[in-house]
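Peer 1: One structure, as structure tokens, below. Some questions next.
Residue numbers (this note's numbering): 35 to 341.
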């Protein structure tokens, strides 16, 4: 594709996204649902006619997008406010995810005829609240502060648990003769534990440095924080931990540190998070094909697809 045409297309999509976001805000429609619908309109089944079926690329876009969204969510949250709700938020993001997985898995087993492992995998996939949706929704609604803070903290912490469960169940399905549950439990502990350690260590270092940045680094502070997010996610992921948990904790540490640059950096990363939401949900919308829903909705389709 010609570079000029590509830039024209990207600019038009961004402009349409801003218009859709403004319209959603006025009508009360969740903005991310609007982005998803925009992706469907732009897709091969819509008037946009964009052919896109690269699930691997969508996964990579989703990973980067969610990392940026969680990082910005941490930056917007201060530890002073979060510590008031840390216990219920931790329970919801750990025990709550497991309970949701079990309940959804049992329902899938009973009503859709899936195997137990396929049912639990479906439960793990849908067990966590979507951080992007929660952060966006809470900013446009007025609920009690304690509840809002609990939901923000829970949505920032439940993705690592859900992802660890999902990866463990996929490995169990692919290797049915493995140790099964012990390996699943070990994977969850490793993901959460390493993510916590990396996030806490880099967060402490980042908070110390961020509070002492010289005035000369001001123009580069935004780039420095992007580098910090990438390093924290990558370090935890390479070590076998949860990059999502690490990047959220580092964002929380930086956001809780007093600095002359805090306001401008939060605004900068809020814009980045908006772009991440646009990219993430439009790409997901491009992967929706309304003209062929039947095979996806038929009972037992998950078992057939995994076999």
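C-beta: ideal position from N, C-alpha, C; glycine also.
1. Going straight from the alpha carbon of residue 81 to that of residue 73, what length do you get?
2. Per DSSP, what kind of secondary structure is residue 177 in: helix, strand or coil?
3. Taking only runs that begin and end inside the region 260 to 324, name each unbroken alpha helix (DSSP H) of 4 or more residues, in chain order.
4. Among all the DSSP beta bridges, which residues are the ones paired with residue 84?
5. So, at 6 angstroms on beta carbons, what are the nonlocal neighbours of residue 300 in its own chain, with the 5 sequence-adjacent residues on each side left out?
6. Do you know whose CA, among 229, 104, 201 and 264, lies nearest residue 270's CA?
7. Should residue 88 go down as buried or exposed, given a rule of 16 or more other Cβ atoms within 10 Å for buried?
8. How is residue 110 classed by DSSP in three states: helix, strand or coil?
9. Since residue 224 is in the alpha helix (DSSP H), which residue starts that stretch and which ends it?
10. DSSP on residue 118, reduced to helix/strand/coil?
11. What is the residue span of the alpha helix (DSSP H) that residue 251 lies within?
12. Does residue 149 come out as helix, strand or coil in the three-state DSSP assignment?
13. Which residues mark the beginning and the end of the alpha helix (DSSP H) in which residue 62 is found?
14. How about residue 120 and residue 55: are their beta carbons less than 8 angstroms apart?
Peer 2: By the coordinates alone:
1. Your numbering for residue 81 matches position 47 in the chain shown. Your numbering for residue 73 matches position 39 in the chain shown. Cα to Cα, residue 81 sits roughly 11 angstroms from residue 73.
2. If you number the chain shown from 1, residue 177 lands on position 143. In the three-state DSSP reduction, residue 177 falls in the coil class, being neither helix nor strand.
3. 277 to 289 and 296 to 320
4. By 1-based counting over the chain shown, the position of residue 84 is 50. DSSP output for residue 84 lists 77 as bridge partner(s).
5. Counting from one through the chain shown, the residue named residue 300 turns up at place 266. Excluding positions up to five away in sequence, the list reads 109.
6. The residue given as residue 270 occupies position 236 in the chain shown. For the set 229, 104, 201 and 264, the Cα lying nearest the Cα of residue 270 is the one of 229.
7. In the chain shown, counting from the first residue as 1, residue 88 sits at position 54. So residue 88 counts as exposed.
8. Here the question's residue 110 lines up with position 76 in the chain shown. Coil.
9. Taking the chain shown and counting its residues from 1, one reaches residue 224 at position 190. Taken as a continuous stretch (DSSP letters only), the alpha helix (DSSP H) holding residue 224 covers 215 to 244.
10. Within the chain shown, the letter at position 84 stands for residue 118. If DSSP states are grouped into helix, strand and coil, residue 118 belongs with coil.
11. Along the chain shown, one-based indexing puts residue 251 at 217. Residue 251 -> no alpha helix (DSSP H), and no H or E assigned at all.
12. Working through the chain shown from its first residue, we reach residue 149 at position 115. In the structure shown, the three-state DSSP call for residue 149 is coil.
13. Against the chain shown, residue 62 aligns to sequence position 28. Run containing residue 62: none; DSSP gives neither H nor E here.
14. Along the chain shown, read from residue 1 onward, the residue named residue 120 stands at position 86. Along the chain shown, read from residue 1 onward, the residue named residue 55 stands at position 21. Result no, Cβ atoms of residue 120 and residue 55 do not sit closer than 8 angstroms.
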